[in-house]
Structure formats: C-alpha cells, structure tokens
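For reference, the structure is listed below as structure tokens.
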Amino acid sequence: MAHARDESSPLFAGNAAGTLRLIFYLALAVVLMVLDQRNGWMWRVRDAAAAVVEPVYRLAGLPVAGMRTLSVAFGDRQHLTEQNQRLREDLLLANAKLNRMAAVAQQNQHLKELLDTRHSLELNVQLARVIGVDLGAYSHRLMLNVGARDGVKPGQPVIDAHGVMGQVIESLPTTSVVMLVTDPAHAIPVVVERTGLRTVAYGSRGGDQLVLPTIPLAADVQPGDQLLTSGLGGRFPPGFPVGRVTEVAPAATGMFLVAQVQPAADIGRSEDVLLLHDQAEPDGPPAPAKPMGPPSELAPTNAADAPATPPAPPGVSR
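When we follow the UniProt record's numbering, the leftmost residue of the sequence shown carries the number 1, and every step to the right adds one.
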C-alpha cells in the first residue's frame with residue numbers, strides 16, 4: 001500500500017536535523033541584525049544588490065515604458081492635431097468676421113455718401129439696391145429691388161454718389177431694369193464743364209467707357225475735361241457728373257474728333273443707387289406760334305369805326 005505523502009516542510013520536520021537547522025537560521029538572523037545595527041553592512045549589501053538588479057528591472061520594464069511612451073506620443077499628436085484644427089477654424093472665422101466688418105464699413109460709407117448726395121440735391125429720390133448685374137458685350141443692365149409697386153416708372157434717371165448710372169427702361173411689379181450709360185444703345189446729352197460745348201455721349205461696346213464720336217475738329221476738348229448732364233431732352237436734370245475725358249483723337253473719317261470718357265459713377269461696384277422722381281417730361285416739338293395781329297385794344301369795335309374801303313379802279317369789279 002502506498003504511503004501517505006509527507007506534506008510538512010523539511011525546515012520544520014519533526015526530527016533532530018530539522019530542529020538544528022531552525023536554530024542555525026535563527027542564530028544567523030540575529031547575528032545579521034546585530035551587525036547591520038552596528039556597522040550598516042546590510043545597507044551596503046542591499047545597495048550593491050540593487051545596482052546589480054536595477055538594469056534587470058529596467059530591461060523588464062522597457063516594453064511597458066515603450067507602450068506608455070507611444071501612447072503618450074500618439075495622444076499628444078492627436079491632441080495637437082485637434083488643437084491645430086480648432087485654431088485654423090478660429091482663424092478662418094476671425095478672418096471671415098474681419099472681412100465682413102470691412103464690407104459693412106464700406107457699405108456704411110457708401111450709404112453715407114448716398115445720403116449726403118440726397119441732402120445736397122434737395123430732390124425727390126428713392127433708395128434702391130442692386131440685385132442683378134448684366135455687363136455683357138452688347139448690353140449693360142442692372143436689376144433693382146424696387147418696381148412699379150414702389151412707384152418706379154420707365155425713364156427715371158438713376159444715379160449713385162458719384163454720378164449718373166443710367167435710366168429705368170422696364171418697371172416690373174417688384175423689380176426694375178436699368179440701362180447703364182455705358183450700354184451701346186444708350187445716349188445722354190452732355191456739356192463740357194470747362195468750355196460749355198454741348199454734345200452727346202454714347203455707350204460703347206468696350207463695356208466700361210463712353211464715347212463722344214461727333215466732336216467738331218475746331219472744338220476745345222482735352223483729356224481731363226469733366227462732362228455734366230446738359231438737361232437737353234428733359235430726361236436728366238442738368239449738372240450731374242457723367243464722366244471725365246481720358247483720350248481725344250481724330251476719327252477714322254477725319255471729319256470729327258472722338259473722345260473716350262471714363263464714367264463718373266461706380267458702374268461695376270455700386271450696391272445702392274438713387275432713383276430721381278418728379279422730373280420734367282422730355283421736351284417735345286415747340287408749340288405752334290400764335291398769329292400776329294394788332295393789339296386787341298386797337299382793333300375796331302364796330303363797322304362804323306372801320307376804315308372806308310377805297311373805290312375800285314375803273315374797269316375792275318369787286
């Protein structure tokens with residue numbers, strides 16, 4: 001039959017050898033404690049052992065330290081990436097707000113100029129906003145946010161803070177169409193401010209200028225001359241700036257001078273304009289002259305006061 005396994009520790013075995021071994025260990029422990037208390041040998045032994053074991057600890061901890069370093073590096077990079085993205089968004093938002101503020105300031109300045117123009121003109125005007133622009137090769141038109149319901153009528157002059165823009169050619173219920181002075185189909189009577197020369201400025205297909213095609217060769221027109229509305233035709237009131245002459249040259253036929261004119265108005269940049277109301281209708285043909293005769297107080301009142309008819313010559317019947 002198999003013997004039962006002795007599970008007791010050999011250090012504490014119930015025999016004489018085990019007891020002697022226990023006494024020896026106890027005596028050794030007492031000696032070591034006394035020596036350590038008096039001379040500190042055990043501290044030096046522990047320090048030496050720690051110096052030997054420390055590289056082993058470090059080597060064993062390298063995988064954990066490496067994982068921690070990678071985790072921190074990845075976390076810091078992700079955090080820096082997110083922070084950089086937030087800073088970029090904040091920068092873009094700040095730039096957008098700054099640009100918006102600049103645009104609002106410019107718009108306020110433009111509205112102030114229009115208001116000053118309205119006060120200085122002392123005319124019945126109406127403020128309108130540009131909602132559409134057509135600056136093609138053959139038509140230069142604007143669309144405004146006011147129409148027939150707001151009292152806009154075809155033929156009304158349109159100006160901005162700097163000069164004449166054009167005139168209304170179509171009035172819809174809530175919007176209206178403006179033909180600009182640079183449209184090839186537009187013409188406006190003008191006068192040269194310096195000399196008083198009257199002529200007509202036409203739009204050009206160039207898109208951004210007017211042209212004076214029929215200036216007499218003897219006329220005094222120079223670059224820099226200011227053109228104003230002459231008032232002829234009754235459509236545009238006199239005295240509004242139309243443009244400034246930039247170039248004068250002989251026509252191809254050699255019979256006239258041709259001048260290029262830069263418009264005074266901000267054709268391509270105006271966002272708000274003024275419509276003039278209560279303007280005189282265009283002048284038509286002159287009224288027929290009244291028949292001339294003696295004053296009414298000298299006219300004869302009856303037949304008795306009328307002068308006698310001279311007798312007819314002989315041979316002539318009345």
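Ideal placement from N, C-alpha and C gives every residue a C-beta, glycine not left out.
Using 8 Å as the threshold, is the C-beta distance between residue i and residue j below it?
i	j	result
Pro241	Leu228	yes
Met143	Thr175	yes
Leu172	Ala187	no
Asp272	Leu180	no
Asp160	Leu274	yes
Arg194	Ser230	no
Val152	Gly166	no
Gln262	Gly243	yes
Hey, how far is the Cα of residue i from the Cα of residue j?
i	j	result
Asp220	Val245	12 Å
Pro189	Thr182	13 Å
Gly206	Pro213	14 Å
Trp43	Gly18	31 Å
Val72	Leu87	22 Å
Val52	Asp36	20 Å
Asn84	Pro154	57 Å
Ile23	Phe74	59 Å
Arg269	Gly203	18 Å
Arg235	Asn124	15 Å
Leu91	Gln78	20 Å
Leu62	Asp76	20 Å
Leu210	Val146	27 Å
Tyr25	Val31	10 Å
Ala29	Asn15	22 Å
Val164	Thr81	55 Å
Ala65	Val56	14 Å
Asn95	Arg129	26 Å
Ala60	Met67	13 Å
Leu232	Glu89	58 Å
Beta-carbon within less than 8 Å of residue i's beta-carbon, same chain only, minus the 5 sequence neighbours each way: which residues are those?
i	result
Ala27	none
Val200	Ala187, Ile188, Pro189, Val190, Leu212 and Thr214
Arg38	none
Arg131	Contrary to the premise, residue 131 reads as Ile rather than Arg in this sequence. Closer than 8 Å at Cβ, skipping near neighbours: Met143, Leu144, Asn145 and Thr175.
Thr69	none
Tyr138	Pro184 and Arg205
Leu217	Pro250, Met255, Phe256 and Leu257
If you drop the 5 nearest sequence neighbours on each side, which residues of the same chain put their C-beta closer than 6 Å to that of residue i?
i	result
Asp134	Arg141
Tell me whether residue i sits in a helix, a strand or coil according to DSSP, three-state version.
i	result
residue 325	This structure does not reach residue 325, given that the chain is present from 1 up to 318, and the question cannot be answered.
Met255	coil
Ile215	strand
Ala265	coil
Pro223	coil
Gln156	coil
Ser141	The question names Ser, yet the displayed sequence has Arg at residue 141. Here Arg141 sits in strand by DSSP.
Gly132	strand
Ala161	coil
Glu170	strand
Leu232	coil
Ala185	coil
Val190	strand
Gln260	strand
Glu271	coil
Tell me which residues share the same chain as residue i and place their Cβ nearer than 7 Å to its Cβ, disregarding the 5 neighbours each side in the sequence.
i	result
Val248	Val221, Gln222, Pro223, Leu257 and Ala259
His162	Pro241, Ala264, Ala265 and Asp266
Taking all protein chains shown into account, decide if residue i is buried (16 or more other Cβ within 10 angstroms of its Cβ) or exposed.
i	result
Pro250	exposed
Val34	exposed
Leu225	The amino acid occupying residue 225 in the given sequence is Asp; Leu does not appear at that position. The residue is buried, with at least 16 neighbouring Cβ atoms inside 10 Å.
Pro157	buried
Val192	buried
Val45	exposed
Comparing the C-beta of residue i with each C-beta of chain C, is any distance below 8 Å?
i	result
Val200	Looking for chain C here will not work: only one protein chain is present.
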